[in-house]
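Each remark here refers to the structure printed beneath this line.
Chains as they are written, first to last, in the working numbering: chain F, 37 to 154; chain G, 37 to 154.
Laid out in structure tokens, this is it:
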């Protein structure tokens, strides 16, 4: 429930521009785990992959409350992060850890309510 | 590029209602892998988790071209699927495999262009 609306999960689509550490797997893993912890989410699985071409990183943290994912384009200074959380967690609580870690010059957060009762 | 717009990746947020097999890990894994293959994506990692309470499943397939994720709520007949693909893959090519597998009575596909050049 949020604002009186009933839905299954809150999904934030977070686009970061002018961001740092986009080719740094360790920094990215720390950022995702910090984000999960600050949203009081339970981590079930972590998988990160660094691409040889371009240096981009893809990472997914599967949570008991859904997932956090990231895909980075270091050559653009761009990262697409998703924070999808259901249950008692608030996805917005994950955002400050991402801002601290990646220090983007611009951030755009789009809020999607998944599974709004039809 | 799509319709003359330059962006990093096409992200489909697919909400399925009245769907079947939402507590069946094997059926869900097959559906996600079929979806990836039909979109000509390269699978890097697969992780599925079945929850003991409620029977819901969370699954993520990390692709060379981004990811496919699913979270199911069997008690609602609802699943939230994300198909995020960059490069030469077309995320829309993954949708028919999902429809075949889950046979939803209602499907809503929301198209998000991630990383539109600012």
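We treat Cβ as the ideally placed atom computed from N, Cα and C, and that holds for glycine.
- Each residue's CA atom was taken as its position, placing residue 130 of chain G and residue 72 of chain G some 6 Å apart.
- For the C-beta of residue 49 of chain F, the chain G residues within less than 9 Å are, from N- to C-terminus, 47, 49, 148, 150.
- For residue 147 of chain F, DSSP records a beta bridge to F:48.
- Between residue 96 of chain G and residue 50 of chain G, the CB-CB gap reaches or exceeds 8 Å.
- For residue 90 of chain F and residue 80 of chain G, the gap between their C-alpha atoms comes out near 17 Å.
- The CB of residue 105 of chain G comes closer than 9 Å to the CB of 96, 98, 102, 103, 105, 118, 120 in chain F, given here in chain order.
- When CB distances to chain G are screened at a threshold of 7 Å, the residues of the region 68-98 of chain F falling below it are 80, 81, 83, 85, 94, 96, 98, in chain order.
- For residue 63 of chain G, no chain F residue has a Cβ inside 8 Å of its Cβ, as the nearest lies near 19 Å away.
- The three-state reading of DSSP puts residue 120 of chain F in strand, counting E and B together.
- Cα atoms of residue 70 of chain F and residue 45 of chain G: separation of roughly 25 Å, rounded to the nearest angstrom.
- Around the beta carbon of residue 67 of chain F, 16 or more other beta carbons sit within 10 angstroms, so the residue counts as buried.
- Among the bridge pairs identified by DSSP, residue 84 of chain G is matched with G:95.
- When rounded, the separation of the alpha-carbon atoms in residue 146 of chain F and residue 87 of chain F is 27 Å.
- In the DSSP assignment, the residues bridged to residue 115 of chain F are F:52, F:108.
- At a cut-off of 8 Å, the C-beta of residue 134 of chain G has no neighbouring C-beta in chain F.
- Looking only at G:105, G:76, G:56, the smallest Cα-Cα distance to residue 85 of chain G is reached by G:105.
- With respect to the C-alpha of residue 143 of chain F, the residue from F:52, F:110, F:113 having the closest C-alpha is F:52.
- Residue 121 of chain G is not a Cβ neighbour of residue 135 of chain G, given a cutoff of 8 Å.
- For residue 55 of chain G, there are no neighbours in chain F by C-beta distance under 7 Å, as the nearest C-beta there is about 11 Å away.
- Residues of chain G with a Cβ closer than 8 Å to the Cβ of residue 114 of chain F are, in chain order, 44, 151.
- Here residue 142 of chain G carries a strand assignment [DSSP, helix/strand/coil].
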